[in-house]
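The opening position of the sequence shown corresponds to residue 0 in numbering that gives the first Met the number 0, with each subsequent residue numbered one higher.
Positions of the beta carbon are idealized from the N, C-alpha and C atoms, including for glycine.
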Amino acid sequence: MAILLLADHDNATLSEQTSKALTAAVEMGGDVHLLVAGRDAKSVADAGAALAGVSKVLLAACENLAEPLAELIVSLAANYDAVVSAATSTGKNVLPRVAALLDVAQISEIIEVVSADTFKRPIYAGNAIQTVQATDPVKVVTVRASSFPAASQGSAAAVEEISTAAASSTLSSVVSTSIVTTERPDLNSAKIVVAGGRALGSSEKFREFILPVADKLGAAVGASRAAVDAGYAPNDWQVGQTGKVVAPHLYVAVGISGAIQHLAGMKDSKVIVAINKDEEAPIFQVADYGLVGDLFELLPEFERAL
């Protein structure tokens, strides 16, 4: 079995989500080829080649955009039994196009590999687990990275440059690229996450009470959809079914009631701490530790104790 794994990167660094998706691809069996598509992405290809489980790296000098990437993958698909990607914004953008062009069904956000053609994936906001068997000649699969460990380092695989003539789409182009820098860890890969909800009441209160605790813990900052919709936090902090799915070692939920849409994005966290004044809040049903009280009194106490 041959598997093509799409690399998620910024032309300089290979994302940890790709390393975790590699673990799932290896569990499917067979040779895994890593496709690194981008401009001046040789360092990404070298990083991918050093991961255990990668038998070859394909380096394509094309724009890391959905349309040309989908065309490039489709041109290669005849040589593979499966096309796999982490369920990142890139994977969610590219692989549905690939599935449509190949006229096959996509299997989204798998959390377990049962066999080479059978997978488990969450449905109904994670309240049920569906087992799916794919019968298409080419399986198109996205992986929920939080469900798999990162691949370890291995011996260096060969890096092969491939033609990008098939990536001829002119439907989109790169106008500019800007990188937001922050001293906090990335939310997708952070070991500790402190998340705030609508109970904070304003963006000023969110920053006044959540950020100091997160900074002392060296944590990433998250938010519920209600907090994001109210304008208390930017949408790239949103955790949940329509936001990011995280599984840190420690997740601190502050003023978050625990709607199933939010739980779908964080309930796989190793340890969950909930702070809420409502002792009947659903968040306490999944929390390992719960603290009932006024967050505006408890958080400053917590910060002083750190």
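Element boundaries [beta strand (DSSP E), containing residue i]
| i | result |
| --- | --- |
| A81 | A81 to A85 |
| G52 | Premise fails: G52 is in no beta strand (DSSP E) and is neither H nor E. |
| K138 | K138 to V142 |
| V193 | I191 to G195 |
| Q284 | From DSSP, Q284 is part of no beta strand (DSSP E); its letter is neither H nor E. |
| V131 | A127 to Q132 |
| E160 | A157 to I161 |
| L33 | D30 to A36 |
| V272 | V270 to N275 |
| L170 | That residue, L170, is in no beta strand (DSSP E); it is neither H nor E in DSSP. |
Cβ neighbour criterion (16 or more within 10 Å) applied to residue i
| i | result |
| --- | --- |
| P121 | buried |
| E108 | buried |
| M265 | buried |
| I110 | buried |
| H261 | buried |
| A164 | exposed |
| D9 | exposed |
| S268 | buried |
| I128 | exposed |
| D80 | buried |
| Y250 | buried |
| T321 | The chain is shown from 0 up to 305; residue 321 falls before or after that span and cannot be answered. |
| G217 | exposed |
For residue j and residue i, the rounded distance between their alpha carbons
| i | j | result |
| --- | --- | --- |
| S256 | F147 | 27 Å |
| P184 | V97 | 32 Å |
| G66 | D39 | Residue identity differs from the one stated: residue 66 is Glu in this sequence, not Gly. Cα to Cα, E66 sits roughly 19 Å from D39. |
| G52 | M0 | 13 Å |
| D30 | E203 | 51 Å |
| K119 | I274 | 32 Å |
| F301 | N63 | 43 Å |
| D214 | A246 | 19 Å |
| L186 | L58 | 28 Å |
| A99 | A36 | 20 Å |
Where the alpha helix (DSSP H) through residue i begins and ends
| i | result |
| --- | --- |
| G264 | I259 to M265 |
| E379 | In the structure as shown, the chain starts at 0 and stops at 305, and residue 379 therefore has no counterpart that could be examined. |
| L75 | A65 to L75 |
| V227 | R224 to D228 |
| A213 | S202 to L216 |
| A252 | It is not in any alpha helix (DSSP H) - A252 instead sits in the beta strand (DSSP E) that spans L249 to V253. |
| E300 | L294 to A304 |
Residue i CB to nearest heavy atom of the ligand NAP below 7 Å
| i | result |
| --- | --- |
| S18 | Ligands in the displayed structure: none, and consequently the ligand NAP is not present. |
Item to check | Meets three-Cβ-pair contact criterion under 8 Å: the stretch 159-176 and the stretch 81-88 | outcome: Per the Cβ contact rule, the stretch 159-176 is not in contact with the stretch 81-88 (fewer than 3 Cβ pairs under 8 Å).
Checklist entry - Are there three or more Cβ pairs, one per stretch, closer than 8 Å when the stretch 17-24 is compared with the stretch 120-138? => result Flag = no, the stretch 17-24 and the stretch 120-138 do not touch.
Checklist entry - Counting pairs of Cβ atoms below 8 Å between the stretch 189-204 and the stretch 152-167, do you hit three or more? => result No: fewer than three Cβ pairs fall under 8 Å.
Next on the checklist: Please give the ranges of any beta strand (DSSP E) in the stretch 81-120, keeping only runs that are unbroken, at least 3 residues long and fully inside the region.
Outcome noted: Here the runs fully enclosed are 81-85, 105-109 and 111-114.
Checklist entry - Is the stretch 59-78 touching the stretch 0-9 in the sense that three or more CB pairs, one from each, lie closer than 8 Å? => result Per the Cβ contact rule, the stretch 0-9 is in contact with the stretch 59-78 (3 or more Cβ pairs under 8 Å).
Checklist entry - Does the stretch 47-62 touch the stretch 138-147, meaning 3 or more C-beta pairs lie closer than 8 Å? => result No, because fewer than three Cβ pairs between the stretch 138-147 and the stretch 47-62 fall closer than 8 Å, the two stretches do not touch.
Checklist entry - Okay, do the stretch 224-233 and the stretch 285-295 touch, 3+ Cβ pairs below 8 Å being the bar? => result Too few Cβ pairs lie closer than 8 Å, so no.
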